[in-house]
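Step one of this worksheet: look at the structure below.
Protein chains: 2
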Amino acid sequence: MARPGGRSARVQQAVHAAVHELEAEVGREALTVPLIASRAGVTPSTVYRRWGDLRELLSDVAVEHLRPEAEPEDTGELAADLTVWAEQFLDEMASPSGRAYIRDALLGDPEGANAGQCSAYAAEQIGTVLRRAADRGEQRVPDAETVLDRVVAPMMYRILFRPGGLDADYARRLVADCLTPERDRR
Amino acid sequence: MARPGGRSARVQQAVHAAVHELEAEVGREALTVPLIASRAGVTPSTVYRRWGDLRELLSDVAVEHLRPEAEPEDTGELAADLTVWAEQFLDEMASPSGRAYIRDALLGDPEGANAGQCSAYAAEQIGTVLRRAADRGEQRVPDAETVLDRVVAPMMYRILFRPGGLDADYARRLVADCLTPERDRR
DNA sequence: CAGCTAACGCAAAAGAATAGCTTTTGCCCT
DNA sequence: AGGGCAAAAGCTATTCTTTTGCGTTAGCTG
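If you want it as structure tokens, here you go:
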């Protein structure tokens, strides 16, 4: 955006707020650009020009919803920190609204910038957990890439491609397997 | 569908064929229901009634594209079989058209049936590879779930959420790590 | 072969998206 | 401060998509 301040900023905020309100009032399926624009006190053409289409707008909004609200909990031990974080992550992402936001974020975003942001959020939180562990002097702290591959990716894959059968125990198993590489599998 | 044979089947095939043709001719972005319907020799309302909207239709077509065309190669050894398969899988899925099909399949499919089908295709191919290995009497053959979690899921996650930086070497590493669980990580 | 009904065609109407042009409003420069 | 430039929003007409109601066709069943 060439003009971050003033009217542009107000319009962006009004439109995002309108999406939030209308999502709650009429449901995601019933959202349309004219409806959102009218609620935001803006003309539809403004929305089309700024966002291109409804999908891209919803993609933007979805990324906001997916931003973590707090720092990961600090229990004093890596395994517990990661487990708690993974359980909560899975819980949020696998819920109906979480799945809807993920899909929206992926969808209206051919370049992958919004999707990349989602991954960056997770990477950031994991980085925090791992850094704490390293600062405490814990041994065998994996790197963030490994945790993304071994914990986050399987959860996301199942959320997107294999609906059903996801629970906190699965998250715990992934974390445990990730932290104990010598464990034998059949 | 209550009437699998006759006209219904012909319409379905004509519409799918029209999508294929037009994808090649005008590009995915330019596809519209009226355009597809006219090419298929059908009225738009028929398409809307059968598929609901464009996204669901494209989701159906995408799943067809994602169906594997051949059995996995048989090299006589599990590690090589899996490596070859993963390399090819990543290559196809990470390509621009592969990514587009994945997104389409996920998108127009609130129930997740089409997405589940994609995962089932991969599981089937992996199952074939693992079964061969077991029949040969190889030791330490993982189960299909493990391969999905450790090989397929990370590739898919990166394709969807972290564009860029994907190559055959990554696929090889995932397979190797999956087959040698005692390997130490930092 | 006769009846039933799902599925399609047709056409009208509602709604959404686009494009051209005008107006407003930040922002920068003197 | 004031003036000029250009980005962004408003307005409106037009096009295209989507929905809907009703009549027709054509598989399926007895």
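So the sequences go chain by chain: A and B. If you use the working numbering, the first sequence corresponds to residues 960 to 1145, in order. If you use the working numbering, the second sequence corresponds to residues 960 to 1145, in order. For every residue, glycine included, the Cβ atom is placed at its ideal position computed from N, Cα and C.
Counting only the same chain and skipping the five closest in sequence on each side, list residues whose C-beta sits under 6 Å from that of residue i.
i	result
A:L1049	M1114, A1130
A:E1015	G1067
B:L1125	A1053, R1117
B:G1096	none
B:P1003	V992, P993, A996
B:P1069	none
A:Y1060	A1021, H1024, L1025
B:L1119	none
B:W1010	L1016
B:C1077	L1025, A1064
A:R1109	C1137
Please state the DSSP three-state secondary structure of residue i.
i	result
A:P1027	coil
A:R1142	Annotation note: pLDDT 48 at A:R1142 (below 50); position unreliable, no value reported.
B:G965	coil
B:V1088	helix
A:V1150	Because chain A here runs from 960 to 1145, residue 1150 of chain A falls outside it and cannot be looked at.
B:T1105	helix
B:E1083	helix
B:D1136	helix
B:L1125	coil
B:R1117	helix
A:M960	In this predicted model, A:M960 has a pLDDT of only 44, less than 50, meaning its place in the structure is not dependable; the value taken from the coordinates is given anyway. A:M960 falls in the coil class under three-state DSSP.
A:Q1098	coil
B:G1067	coil
Leaving out five residues on either side along the sequence, give the residues of the same chain with a beta carbon under 8 Å from the beta carbon of residue i.
i	result
A:A1038	V1134, A1135, L1138
B:L994	L981, V985
B:V1106	L1041, I1085, L1089, C1137
A:H979	V1020
B:L990	V978, L981, E982, L1013, L1017
A:A1082	A1103, L1107
A:V1043	P1031, E1032, T1034
B:E1046	A1127, A1130, R1131
A:R998	A977, E980, L981
A:R1145	Confidence at A:R1145 is low in this model, with a pLDDT of 39, below 50, so its placement is unreliable and the value that follows should be read with caution. Closer than 8 Å at the Cβ level, and outside the excluded window around A:R1145, lies no residue.
Grab me the residues of residue i's own chain with a C-beta within less than 7 Å of its C-beta, minus the 5 sequence neighbours each way, in chain order.
i	result
A:G1000	A973
A:V1146	Nothing can be reported for residue 1146 of chain A: it is not among the residues displayed for chain A, which extend from 960 to 1145.
A:A1093	V1100
B:D1063	L1017, S1018, A1021
A:R987	A1059
B:P1027	Y1080, Q1084
Taking Cβ-Cβ distances below 7 Å as the criterion, which residues of the stretch 1027-1038 of chain B are in contact with chain A?
none
With 9 Å as the C-beta to C-beta threshold (strictly closer), list the residues of the stretch 1105-1124 of chain B near chain A in chain order.
T1105, L1107, D1108, R1109, V1111, A1112, P1113, M1114, M1115, Y1116, R1117, L1119, F1120, R1121, P1122, G1123
In chain order, each alpha helix (DSSP H) run of at least 4 residues that lies wholly inside the stretch 1012-1065 of chain A:
1013-1025, 1037-1053
Ordered list of alpha helix (DSSP H) runs contained in the stretch 969-1011 of chain B, each at least 4 residues:
992-999, 1003-1010
What residues in the stretch 1069-1084 of chain A have a beta carbon less than 7 Å from any beta carbon of chain B?
G1071, A1074, G1075, C1077, S1078
Report the residues of the stretch 995-1020 of chain A with a CB closer than 8 Å to any CB of chain B, ordered along the chain.
none
Of all the residues that make up the stretch 1042-1064 of chain A, which are near chain B by a beta-carbon distance shorter than 7 Å?
R1062
Of all the residues that make up the stretch 976-990 of chain A, which are near chain B by a beta-carbon distance shorter than 8 Å?
none
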